[in-house]
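J.: Mind the numbering: the sequence shown is residues 9 to 389 in our numbering, read in order. C-beta atoms are modelled at their ideal positions from N, C-alpha and C, and glycine is treated no differently. Keep in mind that this is a model prediction, so the values were computed, not measured.
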Amino acid sequence: MSAKHIGAARWAISAIFLLNGAGVGLWAAHVPVVQARAGLDTGVLGMLLLTIAAGAMAAMPVAGWLTTHWGTRRTTLWAAFVFAVMTALLIGTSHVAALFVAAFAFGASNGALDVSMNANASEVEIARGVPTMSSFHAFFSLGGLVGAAGGGLIVEHGFGDGRGALAFSVVTIVAVLLTAPRVLHTAASGAGGSHFALPRGPALFLGLLALLCMAVEGALVDWSALLMTERTGATPGAAALGYSAFSIAMAACRFAGDRLTVRFGSPTLMVVGGLSMLLGLLIAVTSTHHALSAVGFALVGLGAANVVPLIFAAAANIPGMAPGIGVATAATVGYTGLLLGPPVIGWIAAQTNIAVALGSLSLAGVVIALNARVVRTAGAR
9 MSAKHIGAAR WAISAIFLLN GAGVGLWAAH VPVVQARAGL DTGVLGMLLL
59 TIAAGAMAAM PVAGWLTTHW GTRRTTLWAA FVFAVMTALL IGTSHVAALF
109 VAAFAFGASN GALDVSMNAN ASEVEIARGV PTMSSFHAFF SLGGLVGAAG
159 GGLIVEHGFG DGRGALAFSV VTIVAVLLTA PRVLHTAASG AGGSHFALPR
209 GPALFLGLLA LLCMAVEGAL VDWSALLMTE RTGATPGAAA LGYSAFSIAM
259 AACRFAGDRL TVRFGSPTLM VVGGLSMLLG LLIAVTSTHH ALSAVGFALV
309 GLGAANVVPL IFAAAANIPG MAPGIGVATA ATVGYTGLLL GPPVIGWIAA
359 QTNIAVALGS LSLAGVVIAL NARVVRTAGA R
């Protein structure tokens with residue numbers, strides 16, 4: 009395959025990452041609106057988020073099987089189409105029973121897209137022969153910013169009833185159709201097994217560190233706006249500033265991630281990242297002013313930005329394991345945190361309050377900082 013085609017494939021899968029992030033950010037901005045419209049208390053909202061997680065966990069093994077039989081390209085494109093539709097349905101639904109059905113379908117499509125697009129991105133990175141994973145995740149963060157900021161404007165202008173989400177769905181489907189011809193195509197293996205190796209040894213440990221980082225990211229998606237609303241008295245539109253600040257900082261730092269890794273080394277970046285997550289969360293949950301809370305969320309974004317890309321890069325170089333399998337295995341374990349983190353935080357919030365619940369995630373930063381050297385040792389062939 010020519011360098012031109014590989015370059016086009018890189019930008020195509022980057023666009024898919026961006027669209028996925030935009031959908032997640034759009035949902036984040038609508039959480040308080042959906043909660044109020046459906047009359048959900050904190051406990052029921054937590055169960056709704058758990059339903060999203062259940063849908064994703066159910067879909068992930070299926071997505072892994074599909075990538076071996078369809079290839080990562082076909083699986084990614086179908087998952088992206090379904091995700092676009094389910095995002096609009098989830099945000100536009102108000103009946104509680106239908107909301108839970110939509111939540112499961114939204115989670116399933118998001119989980120399938122997470123697995124398949126990361127597997128495709130791994131194939132692109134291998135084809136290029138240059139570290140690129142940070143930039144892929146940067147586009148997801150950039151999408152989160154666009155989705156959260158756009159969602160805030162949609163809500164402020166009275167389109168939070170689902171009309172804005174429907175417009176997003178249409179735009180996403182058109183964008184995927186335009187991008188599809190350039191997404192990297194590799195032959196499906198047709199093997200009977202999963203695309204993923206059974207998590208073990210270094211891959212499992214790397215996945216667990218990714219799980220902690222992704223738990224923080226997932227919790228901010230679903231709970232940052234509610235924290236801003238309850239603790240600082242921010243309006244629903246202003247409450248989206250928290251996740252927007254997180255996404256801006258994360259995207260900016262991820263675009264610089266490969267250069268920072270070369271200059272300072274992966275372990276140093278992991279230590280600084282973990283400590284920044286710790287400090288940022290403590291600021292965000294103790295502040296009573298929405299601007300200062302947003303600064304805290306920005307620090308979390310700066311810290312978390314390159315943790316997962318560094319983990320995936322190390323997983324791609326585990327001795328005795330193919331690069332694509334290593335990345336996919338660590339991603340599968342890691343995304344458990346992204347999906348299960350929000351409902352767990354919801355349960356803790358129901359027992360205490362949202363500030364205590366999000367504050368407890370600061371311990372993830374400590375664990376990541378203390379285990380920073382694993383990205384060097386696990387990645388040594």
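Tell me the residue span of the alpha helix (DSSP H) that contains P210.
T.: Looking up residue 210 in the sequence shown gives position 202. If you look at P210, you'll find it in the alpha helix (DSSP H) that goes 209–240.
J.: By Cβ distance below 8 Å, which residues in the same chain neighbour G201 in space, the five residues on each side in sequence not counted?
T.: Looking up residue 201 in the sequence shown gives position 193. Any reading at G201 is ruled out, since the residue's pLDDT is 46, under 50, leaving its predicted position unreliable.
J.: Buried or exposed: where does V163 fall if 16 or more other Cβ atoms within 10 Å of its Cβ makes it buried?
T.: Position 155 of the sequence shown, counted from the first residue, corresponds to residue 163. Per the 10 Å Cβ criterion, buried.
J.: Ends of the alpha helix (DSSP H) at N28?
T.: Locating residue 28 in the sequence shown gives position 20, where the first residue counts as 1. Per DSSP, N28 belongs to the alpha helix (DSSP H) from 11–46.
J.: Tell me whether V138 sits in a helix, a strand or coil according to DSSP, three-state version.
T.: Taking the sequence shown and counting its residues from 1, the one referred to as residue 138 is at position 130. In this structure, DSSP gives V138 a state outside helix and strand, which the three-state scheme calls coil.
J.: Are A253 and G309 close, meaning C-beta to C-beta below 8 Å?
T.: Locating residue 253 in the sequence shown gives position 245, counting from the first residue. Locating residue 309 in the sequence shown gives position 301, counting from the first residue. It is a contact, given that the beta carbons lie within the stated cut-off.
J.: Can you tell me whether DSSP reads A105 as helix, strand or coil?
T.: Translated into positions along the sequence shown, residue 105 becomes position 97. Correct three-state label for A105: helix.
J.: Look up S149 in the DSSP assignment and say whether it is helix, strand or coil.
T.: Here residue 149 is taken as the residue at index 141 of the sequence shown, counted from 1. If DSSP states are grouped into helix, strand and coil, S149 belongs with the helices.
J.: T95 lies in the alpha helix (DSSP H); which residues open and close that run?
T.: Position 87 of the sequence shown, counted from the start, is the residue given in the question as residue 95. 80–100 is the span of the alpha helix (DSSP H), which, as asked, contains T95.
J.: At which residues does the alpha helix (DSSP H) containing L185 begin and terminate?
T.: Counted from its first residue, the sequence shown places residue 185 at position 177. It spans 171–187 - the alpha helix (DSSP H) in which L185 sits, taken as one unbroken run.
J.: Using a Cβ-Cβ cut-off of 7 Å (strictly less than) and excluding sequence neighbours within five positions of R45, which residues of its own chain qualify?
T.: Within the sequence shown, numbered from 1, the residue matching residue 45 stands at position 37. Answer for R45: S102, listed in chain order.
J.: Expressed to the nearest angstrom, what Euclidean distance is found between the alpha-carbon atoms of R18 and T194?
T.: The sequence position of residue 18 within the sequence shown is 10, counting from 1. The sequence position of residue 194 within the sequence shown is 186, counting from 1. Their Cα atoms are separated by approximately 14 Å.
J.: Return the CA-CA distance between W35 and A302, expressed in angstroms with no decimal places.
T.: By one-based count along the sequence shown, residue 35 stands at place 27. By one-based count along the sequence shown, residue 302 stands at place 294. Straight-line Cα distance between these residues: approximately 18 Å.
J.: My output table needs one value for H77: the three-state DSSP class, helix, strand or coil.
T.: Residue 77 sits at position 69 when you count from the first residue of the sequence shown. Under the three-state reduction of DSSP, H77 is assigned to helix.
J.: Just to confirm, is the Cβ distance from I1 to G115 under 8 Å?
T.: Here the chain comprises residues numbered 9 to 389, so residue 1 is not present and cannot be evaluated.
J.: Out of curiosity, what's the CA-to-CA distance linking L249 and P327?
T.: Counting from 1 along the sequence shown, the entry for residue 249 is found at position 241. Counting from 1 along the sequence shown, the entry for residue 327 is found at position 319. Looking at the two C-alpha atoms, the distance is approximately 43 Å.
J.: Do you know offhand how far F144's Cα is from G63's?
T.: Here residue 144 corresponds to residue number 136 of the sequence shown, with the count starting at 1. Here residue 63 corresponds to residue number 55 of the sequence shown, with the count starting at 1. Cα-Cα distance, rounded: 24 Å.
J.: What ranges does the alpha helix (DSSP H) occupy inside the segment 239–268, keeping only unbroken runs of at least 4 residues that lie completely in it?
T.: 244–263
J.: Whose CA, out of L185, G354, S368, L371, lies closest to the CA of L53?
T.: Here the question's residue 53 lines up with position 45 in the sequence shown. L53 has its Cα closest to that of G354, out of L185, G354, S368, L371.
J.: Put N379 into one of helix, strand or coil per three-state DSSP.
T.: The residue you call residue 379 lines up with position 371 of the sequence shown. If DSSP states are grouped into helix, strand and coil, N379 belongs with coil.
J.: Under 6 Å Cβ to Cβ from F108, same chain only, skipping five residues before and after it: list those, please.
T.: Position 100 of the sequence shown, counted from the start, is the residue given in the question as residue 108. Once the five neighbours on either side are set aside, the close Cβ partners of F108 are T59.
J.: Assuming M65 and V123 form a contact by the criterion Cβ under 8 Å, report the distance between their Cβ atoms to the nearest whole angstrom.
T.: As a working mapping, residue 65 is identified with position 57 in the sequence shown. As a working mapping, residue 123 is identified with position 115 in the sequence shown. Not quite, the Cβ-Cβ distance comes to about 11 Å (not below 8 Å), so this is no contact.
J.: So is H13 buried or exposed if we call it buried at 16+ other beta carbons inside 10 Å?
T.: Position 5 of the sequence shown holds residue 13. Exposed, by the Cβ-count rule.
J.: Pull up the CB-CB distance for A323 and L214, whole angstroms please, since I reckon it's below 8 Å.
T.: Counting from 1 along the sequence shown, the entry for residue 323 is found at position 315. Counting from 1 along the sequence shown, the entry for residue 214 is found at position 206. The pair is a contact, with the Cβ atoms about 5 Å apart (cut-off 8 Å).
J.: Specify the secondary structure class of H298 as computed by DSSP and reduced to three states.
T.: Along the sequence shown, read from residue 1 onward, the residue named residue 298 stands at position 290. Three-state result, H298: helix.
J.: How far does the alpha helix (DSSP H) with I326 in it extend, from its first residue to its last?
T.: As a position in the sequence shown, residue 326 is number 318, starting the count at 1. I326 -> no alpha helix (DSSP H), and no H or E assigned at all.
J.: Is the beta carbon of A20 less than 8 Å from the beta carbon of L85?
T.: One-based indexing of the sequence shown puts residue 20 at position 12. One-based indexing of the sequence shown puts residue 85 at position 77. No, they are not a contact pair.
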